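According to the working numbering, the residues represented by the sequence shown are -8 to 830, in order.
C-beta: ideal position from N, C-alpha, C; glycine also.
The structure displayed is predicted, hence computed values, not measured ones.
Have a look at the structure below, then the notes.
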Amino acid sequence: MDLLDKEFSIPLTKLYRESILKLFFSKKEHNDILSDAECNRLIGLASALSISESSDEINISYEIITRLLENHSEDLPNINGAADLIFSRIGNFPGRTLLRSRYTGGDSPDIPFTLSLERLAREAENSVSNDTLLTNFQYKLFTSLSGERSLSVSAPTSAGKSFVLNMDLMRRLTSQTDKCIIYIVPTRALISEVTSRVRATVRHQGLNDVIIRSAPFPLESHLKSKSVVYVLTQERLLSLLKPENEVTRIDSIFVDEAHEIHKGKRGIVLQNAVDLTLKKHPSASVFFASPLIKNPGYFLHLFNRLDNGYFFTEQISPVSQNIILVSQIARQTKFANFKLHTRFGVIDVGNYDLGISFRPPIFQRRAAFAKLITKQNESTIIFSNGPAEAEDLARFLAKTLEPQDICQDVKDFITFIKNEIHEEHPLVVTLPKGVAFHYGDLPSIVRSGVESLFKSGEIKYICSTSTLLQGVNLPAKHIVIENPKSGASPMHRPDFLNLAGRAGRLLKEFHGNVWCLTPESWEEPSYTGDGLQEIQSSMSKIMEDGGTLIQSLINGKVEGENQKELAEAGLGRLFHESQQSTIEDITKKYESNLNSDDLARTLEIIDSLDVSLPTHILDTHRVLRPDHLQNLYNRFMEEIDINQLTLISPYETGGKSRMEKAIELICEAFDWKLTELQRLWYGGLAHKWITGVPISKLIRERIVRLRKDDPMAKAPPIIRSILSVIEKKIRFSFVKYFSAYEDLLRQAMIDRNHMKKTIKIAPYHTFLEFGSCDKVNLSLMALGFSRFTALRLKERLNWADSSEPEDYLEVLMRHDVSKLGLPKMCQYEIEDILGLKPS
């Protein structure tokens, strides 16, 4: 249907304009209001488009009827019934629920009998077990999951994928055929969210024997008949797949946020993890989920599942987003121009007096604008380019807000942060004003607290970094963005679309709003472009020019730690491929008219590497250079007394010095250029971390030390640096290197005729990632508890003969959590994992 026809273009433009103006002006622009005749014409248009086969036209049908509802529900007596029918037709039952709760007191609007039969038929078509009503996309996804062994789907962020995945997990677990399910998430920040959701669903279904773990700890022999769901990052999955863990069967693999395969070194790690899982468990079914990509079949092709797989892209979302550009106007500091990007073109909404200065400094502009658009009972995310900016912006915004009454939960959270992080932490200042920040290096229990209070409405504003791009479920009414970046580079279109998809809360709003401030200053206009993006793996991108980055690495010409790690991961991956197939096959895979000479040079480098390590070592550590792995193995083989290099308990005499020696050998073998000062700091901090020293103590010690040299040193940047070192160096780089150290040392000892059963090497890679070497703490963290809560629980209870993680749950169930004397944040976490309602 031609929407640009004059009959529709004029009233459509009016409708969109007034819906945007209503967002920041209390009064309508009376000179451009839709007449009743125009409204009725648009209702007819929305009705016609609702039976279209085109996703664009169905989306426009939704946008028309919801905007009419919000702007003219009092003027149009027939609008509720028309909207109810249109929602039913397009299968948007969450939208219909919101309509009924907001406009009809929960009742079904009266419509003519024949149309009510159509409405009933649509309900029947989209109903599954227990009369659960699904959207069209959810129904298609649910039936595809049950019928396909390999599936890849792309859908908007708010399409309701997680709900269906939970349903499918329950179907698999109750079928008794799927005993081991792997759920891969891109970051640790997502592990607790997904684990909590899966655990709640399992509990609701009464599947009490299902084991859920968020750590790569294999099931003990007497538990192997039970079903288990592992929620893991790609790195933790590789750890689980180590031969000594003896994981004999994996039945299903869910890869959430699968599009992350196109990003840097961790994209290569994800490819390696899925690759190795399918190599070891070729009969496993696999499912890939991504937001709004054009080529979801790419994943099936990449992992050789295209012949027996199915893929599709969904572009219809139960919540839509307004993409609004807000531009400066020359010589009018308080005025701004508004443009709305729609599916049928750009609408110039006009120039308006904001009543605030719309000029730099940027913190002032963003803070003032966020306050302007955020009404009572609404929430706003302000995108920030990094943790420091997120904190600074939150502090600035909080200063401009009036004091408010805060609930007991916020008071408890502030007390927790003062005691367990530091009394000068910026959240202590911002939370009383309903402002917080969110980034990946924050401890998980702090992130969870911020998310919980934001969802409950106690926090109104969050200044967040790109952690939102990695699947964290934190929707808001508004998102404010200005010249966004991913790391140091301008944000590209796929990431913008992913971020924009967080605007709009399902069952609370029909639309979310993405406010793009000063678009004229953006380094890349990611707010415009195709709604679907084509992706390729990070490895394929490295090889597009024939692998010159790998050549630069070998020649010592790669600058920057991130680029070096990416090049190393690419080299490791390419070497693996060279071991699995012929040079001719690799050439065919990566060669183009423009890269043939460079590809040949890169493959010569790969062929020249002198590596003789066993396949299982190279498989697990593909992200590291194989020649560096060989270097460390050779060093072990040359050692006169190899026993002096084994890792022992950090508590044992010599435990710390053994760890420090390992760091020295790691830096040497892997060309990790740490200064002597960095090595001492990282090593000392790592030892305290794995022996369970609380974060608060680590932070206080660091602040005291630095303030001896500079009494005016500010606490926030020191806190950020400590958290960054813990997350990026100790819990990531150290884990990666120590895992290789342990495996290579074990192999060297076997090759030097040590009896396999007598070899004992403490698993420092586990200690370092989880922040403890204590069995009780590690078992509790395997269940999903944060380090904060695990450390306290260990002290409070007698764990008797508990041996497996699930034993600890049984002990906890026998105690009244409220009487353990724990901080409220820890108590809430325990109640969540145990399935108890908060007191």
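Residue range of the alpha helix (DSSP H) that residue i falls in?
i	result
G197	Careful: G197 lies outside any alpha helix (DSSP H) and carries neither H nor E.
G832	Look at the range of the chain in this structure, -8 to 830, and you will see that residue 832 is not part of it.
S865	Examination of residue 865 is not possible in this model, given that the chain is present from -8 through 830 alone.
L585	Note, L585: premise wrong, no alpha helix (DSSP H); not H, not E.
I709	A706 to S715
V437	S435 to S447
For residue i, which three-state DSSP category applies?
i	result
Q319	strand
I338	strand
H21	Low confidence applies here, because H21 scores a pLDDT of 48, under 50, leaving its location unreliable; read the following figure in that light. Of the three classes helix, strand and coil, the one that applies to H21 here is helix, per DSSP.
T841	Only positions -8 to 830 of the chain appear in the structure, and residue 841 is not among them; the question remains open.
Q621	helix
S480	strand
I639	coil
L508	strand
Y53	helix
T666	coil
D403	helix
N69	coil
F15	helix
A753	coil
I203	strand
T578	helix
I284	strand
Y518	coil
N83	coil
A275	coil
N328	strand
F349	coil
Counting only the same chain and skipping the five closest in sequence on each side, list residues whose C-beta sits under 6 Å from that of residue i.
i	result
R190	I203
G826	R194
S276	R140 and S243
V155	Q129, L132 and F133
Y430	P378, A381, T456 and T458
H21	Model confidence at H21 stands at a pLDDT of 48, short of 50, so the residue's coordinates are unreliable; what they give is reported in the following sentence. Hits under 6 Å: none found.
N127	G82
L198	L164
L232	L267
E369	K468
Among the residues of its own chain, which have a CB less than 7 Å from the CB of residue i, if the five just before and after it don't count?
i	result
S38	A73 and I77
N464	E184
A249	F279, A280, S281 and F290
K810	none
H678	P641, K647 and M650
S512	N474
Tell me the residue span of the beta strand (DSSP E) that contains residue i.
i	result
C454	Y452 to S455
S375	Careful: S375 lies outside any beta strand (DSSP E) and carries neither H nor E.
G300	G300 to T304
H612	Run containing H612: none; DSSP gives neither H nor E here.
I472	H469 to I472
H416	No beta strand (DSSP E) contains H416, which DSSP labels as neither H nor E.
Y819	Unbroken run through Y819 is the alpha helix (DSSP H), K815 to L825; no beta strand (DSSP E).
A427	V426 to H429
I494	Residue identity check: residue 494 is Ala in the sequence provided, not Ile. Note, A494: premise wrong, no beta strand (DSSP E); not H, not E.
I686	Per DSSP, I686 belongs to no beta strand (DSSP E); it is in the alpha helix (DSSP H), I686 to D700.
Sorted by chain position, which residues of the same chain lie with C-beta nearer than 8 Å to residue i's C-beta, five sequence neighbours on each side aside?
i	result
L813	T780, R783, L784, R787 and I821
T186	I203, S205, V222 and G775
Q355	S348 and F387
T4	I338
N157	R188, V189 and T192
Which whole-angstrom value describes the C-beta separation of residue i and residue j, a residue pair presumed to lie in contact below a C-beta threshold of 8 Å?
i	j	result
V119	E305	At roughly 17 Å, the Cβ-Cβ gap does not stay under 8 Å, so V119 and E305 are not in contact.
S10	E48	That belief does not hold up - the Cβ atoms of S10 and E48 are roughly 19 Å apart, past 8 Å.
G563	R496	G563 to R496, Cβ: 42 Å. No contact.
V260	V614	5 Å
Y301	A327	No, Y301 and A327 are not in contact; Cβ-Cβ is about 47 Å, not under 8 Å.
I608	L735	7 Å
P754	A773	With a Cβ gap of about 13 Å, P754 and A773 do not count as contacting.
V880	F374	The requested residue 880 does not occur in the structure, where the chain is confined to residues -8 to 830.
Residue ranges of each beta strand (DSSP E) within the segment 108 to 195, 3 or longer | 141 to 145 and 171 to 175
Every unbroken alpha helix (DSSP H) within the segment 540 to 572, with a cutoff of 4 residues, ordered by chain = 552 to 571
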